[in-house]
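Counted from 1, the sequence shown has number 455 at position 180 by the numbering used here; the numbering is strictly sequential.
Ideal Cβ placement from N, Cα and C applies to all residues, glycine included.
Predicted model, so just to flag it, every value in this text is computed and none were measured.
Here's the structure, in structure tokens; my notes come after.
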Amino acid sequence: MWTGSFWNTVQERIPRGGTVAPVILATDKTQLTQFSGNKSAYPVYLTLGNIPKALRRKPGSRACILIAYLSVDKPGKSGLTQKELKLRKYQLFHRSMSIILEPLKRAGNPRGGGIEMTGGDGCVRRVYPVLATYVADYPEQCLVTCTKYGTCPRCRVKADNLHSPDPSEPRTQRWTLQKIVEAQQAAGGGGKGVHARTMKDDIVGGNYDPFWAGFPLTDIHRCIAPDVLHQLFQGVLKHLVSWVQKIVGEEELDERIRRLPPAPGVRYFSKGIANLAQVSGTERK
């Protein structure tokens, strides 16, 4: 992470002598039971960009900590439409995250004094923790950024133009909040009209107070990291395979795969790939 421009930009905006601590958050609603019980958990994890990636990825290094569990209870349906129920879930998520991350928001304010922390080398540094990356699958990316499902959480491209190779104008935290405020004002301060107005810009505006509003030195849309498993291995690669099968045929593709010479660290598919079922992310990789 320290090779990117983000770190240098933030370093210039905190007091001289301060240390940047890029915070990486991750949430993943997980089903705990498969056939009975309907048990699930919604953990929130935290790690730091100062830690080398090779260590962050090792469970035994304990470089990633659990900071909270979000509620998995469903709001009461009494008197609510399906749309209102969905917006209530959005509000529950953002309100919960606001409470959890309030200390982080205060500590990372460049106008404040930061936090004195002792490093592994014994030196005491004045640290400014800044929300830098949010790791989540696509549905949660939309939930976190208040983006309409089916559109991009990082740019303003319309759903029917996602195939375009031309880059679209990026979403920004300021732009998203501005659209929500404008919709509130047009609707007289609140009410059902807010969501309808923000959806014209592909923003889920039923949540009037996103948890990232007011976070210093943070743009939530730039924080979103690619979901490698679902968007690359089980997303783009899946489409690439289907396109190649249409071009050369399934049998020809399997025949070519069977002829590939074995190589260290690369799985050998002796029967091809056309008949594979329930392929995991590791197998696609």
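Whole-Å CB distance - residue i paired with residue j, under 8 Å assumed
i    : j    : result
T294 : Y403 : 7 Å
I478 : C430 : Not quite, the Cβ-Cβ distance comes to about 13 Å (not below 8 Å), so this is no contact.
I299 : A407 : 6 Å
R472 : A488 : With 8 Å as the limit, R472 and A488 do not qualify as a contact, their Cβ atoms being about 18 Å apart.
Y413 : H505 : 6 Å
A338 : A411 : No, A338 and A411 are not in contact; Cβ-Cβ is about 19 Å, not under 8 Å.
I375 : I342 : 7 Å
H346 : L367 : The amino acid occupying residue 346 in the given sequence is Ser; His does not appear at that position. Contact holds; Cβ gap of about 6 Å.
Contact under 7 Å by Cβ, residue i with residue j
i    : j    : result
Y365 : I499 : no
A383 : P491 : The amino acid occupying residue 383 in the given sequence is Gly; Ala does not appear at that position. Yes, Cβ-Cβ distance for G383 and P491 is below 7 Å.
P378 : Y344 : no
A316 : T305 : yes
L528 : Q520 : yes
T447 : A434 : no
R401 : E391 : yes
V405 : P297 : yes
L362 : G481 : yes
M276 : G335 : no
F486 : M372 : yes
V432 : S443 : yes
R534 : G547 : no
P385 : R288 : yes
V571 : Q460 : As displayed, the chain neither begins before 276 nor continues past 560, which places residue 571 out of reach and without an answer.
K454 : D476 : yes
A552 : E525 : no
In DSSP terms, what residue i is bridged to
i    : result
S315 : Q306
R337 : For R337, which the question treats as bridged, DSSP gives no partner whatsoever.
I445 : Sequence check: residue 445 is Pro here, not Ile. For P445, which the question treats as bridged, DSSP gives the partners C430.
Y365 : Y365 pairs with nothing; no bridge assigned.
R401 : E391
V648 : Any question about residue 648 goes unanswered here, given that the chain covers just 276 to 560.
L551 : According to DSSP, which records beta bridges pairwise, L551 is partnered with nothing at all.
T294 : V402
T408 : I299
A343 : V319
DSSP state of residue i mapped onto helix, strand, coil
i    : result
Y320 : strand
A329 : helix
V479 : coil
L372 : A small fix is needed here, since residue 372 is Met in this sequence, not Leu. In the structure shown, M372 sits in a helix (DSSP, three-state: H, G or I).
M392 : strand
Y602 : Here the chain has residues from 276 to 560 only, and residue 602 is not among them.
V503 : helix
V511 : helix
C421 : coil
A461 : helix
L300 : strand
L528 : helix
T493 : coil
K352 : coil
S517 : helix
K546 : coil
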